[in-house]
Amino acid sequence: MTGATEKIDPAYYDPRALRETIVALRAGLEQAEERRQREVQAATQSANADVEQLKATVQALRAALEAERVASEERIQEMRREFGNQSQQFRETIESLRTRLEEERARAQERMQEERATSNRELAEMRDAVHSIRNEMDRQALKHVEATHETARRHRAEIQELNATIAALRDRVDHERSNA
Numbered sequence: 001m002t003g004a005t006e007k008i009d010p011a012y013y014d015p016r017a018l019r020e021t022i023v024a025l026r027a028g029l030e031q032a033e034e035r036r037q038r039e040v041q042a043a044t045q046s047a048n049a050d051v052e053q054l055k056a057t058v059q060a061l062r063a064a065l066e067a068e069r070v071a072s073e074e075r076i077q078e079m080r081r082e083f084g085n086q087s088q089q090f091r092e093t094i095e096s097l098r099t100r101l102e103e104e105r106a107r108a109q110e111r112m113q114e115e116r117a118t119s120n121r122e123l124a125e126m127r128d129a130v131h132s133i134r135n136e137m138d139r140q141a142l143k144h145v146e147a148t149h150e151t152a153r154r155h156r157a158e159i160q161e162l163n164a165t166i167a168a169l170r171d172r173v174d175h176e177r178s179n180a
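Right under this line is the structure:
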């Protein structure tokens with residue numbers, strides 16, 4: 001038999017092991033992608049829940065401010081009916097209530113601005129965290145793909161070396177046979 005017509009034993013390549021490696025690598029990659037999607041979805045749901053909670057807080061603050069305004073207006077109307085003859089006192093009371101209402105509005109506005117600033121910071125931090133997680137997952141996926149390619153390249157190089165060694169040994173055996 002010559003090297004050109006001789007068939008290479010499939011055991012040298014071990015295709016079953018190669019297939020098992022490919023299947024394991026695919027499964028690992030799919031699991032990493034599923035895990036990444038779950039983490040992104042969890043972060044998105046958490047951010048959405050925080051936004052809804054902040055909206056509810058703002059709405060409650062608005063309702064409380066409106067209730068305070070309505071209560072103040074009712075008190076003013078009651079005072080007008082009860083103290084119609086005491087206009088100076090009434091004016092002072094109105095001025096006092098207006099000042100208080102403005103202070104309440106100013107405090108409520110400050111609280112709303114603080115809440116808004118806090119929620120914006122938290123949202124920015126969450127976005128940064130999601131971005132960071134995505135970048136890390138992308139880096140890990142890229143490393144995994146690069147490692148897979150490097151492993152495949154090394155295996156191909158080893159197979160080529162083994163094939164070259166086999167061919168050299170066969171040539172040597174053929175040469176020794178022909179010299180014998």
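Just so we're aligned, residue 1 is where the sequence shown starts under full-length UniProt numbering, counting upward by one.
Ideal Cβ positions, reconstructed from N, Cα and C, are used throughout, including at glycine.
Original post:
Counting Cβ pairs closer than 8 Å, one from the segment 62-72 and one from the segment 96-110, do we hit at least three?
Top reply: yes
Original post:
Going straight from the alpha carbon of residue 28 to that of residue 20, what length do you get?
Top reply: 12 Å
Original post:
Can you tell which of 118, 42, 32 has its C-alpha closest to the C-alpha of residue 58?
Top reply: 118
Original post:
Are the beta-carbon atoms of residue 32 and residue 130 separated by less than 7 Å?
Top reply: no
Original post:
How is residue 86 classed by DSSP in three states: helix, strand or coil?
Top reply: coil
Original post:
When the Cα atoms are used, what is the spatial distance from residue 121 to residue 46?
Top reply: 15 Å
Subject >> Option in 178, 24, 36, 160 with minimal Cα separation from residue 133 >> reply: 36
Subject >> Touching by the beta-carbon criterion (3+ pairs, under 8 Å), the segment 93-106 and the segment 152-159 >> reply: no
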